[in-house]
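Notes follow the structure.
Numbering (the working numbering), first residue to last: 55 to 217.
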């Protein structure tokens, strides 16, 4: 229970997006309990910029009303991300996710209300034929199969093959 999928009918879910040209975007995603219309998920993302250079700030609050024995806990988090293009084909990017959950929201939590979950930083080259990137990611928690620690990702993609 608490996932919204246990009965024949699911909770009410929705997404609203407001855009100003291709420069400003505001997205709101939500989930309302089908019985009492309590907000179970509330997520807002604000993006400013183009596809090549942008800044994103996001907020997520989950209030799933789940039994304590479940591993799907309520949480509150803040996300920030950005990318900056330099030169014709190069860009640098980074992001961070911070847990804002404290003992008021989750009595079993050891968090103080501002704990990092993960961050990443990287650089990428992309033209019409090739995408090459290097990313460093640090996970501060083990969540599912994502292990705590440092990860490095080398991306190589050939584009438009066979055209």
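Yeah, the Cβ is synthetic: ideal placement off N, Cα and C, and Gly gets one too.
Query: Are the CB atoms of residue 144 and residue 179 nearer to each other than 8 angstroms?; Result: yes
Query: Taking the DSSP output, what are the residues bridged to residue 64?; Result: Per DSSP, none; premise fails for residue 64.
Query: Can you tell me whether residue 203 is buried or exposed, with buried defined as 16 or more other CB within 10 angstroms of its CB?; Result: exposed
Query: By the 10 Å Cβ neighbour count, where 16 or more other Cβ atoms means buried, how is residue 73 classified, buried or exposed?; Result: exposed
Query: If distances are taken between C-alpha atoms only, which option among 207, 129, 171 and 106 comes closest to residue 141?; Result: 106
Query: Apart from the five residues on each side of it in sequence, which residues of its chain come closer than 8 angstroms, Cβ to Cβ, to residue 45?; Result: As displayed, the chain neither begins before 55 nor continues past 217, which places residue 45 out of reach and without an answer.
Query: Is it buried or exposed for residue 197, if we count other Cβ within 10 angstroms and need 16 for buried?; Result: exposed
Query: In terms of DSSP beta bridges, what is residue 113 paired with?; Result: 98 and 132
Query: Which ranges would you report for the beta strand (DSSP E) in the segment 162-217 if only whole runs of at least 3 residues count?; Result: 169-180, 184-193 and 203-212
Query: Quick check on DSSP: helix, strand or coil for residue 91?; Result: coil
Query: Taking 6 angstroms as the limit between beta carbons, can you name the residues of its chain near residue 135, skipping five residues before and five after?; Result: 110 and 149
Query: With residue 176 and residue 147 assumed to form a contact (beta carbons below 8 angstroms), what rounded beta-carbon distance in angstroms separates them?; Result: 6 angstroms
Query: Please return the same chain residues whose Cβ sits closer than 7 angstroms to the Cβ of residue 208, not counting the five positions on each side in sequence.; Result: 188
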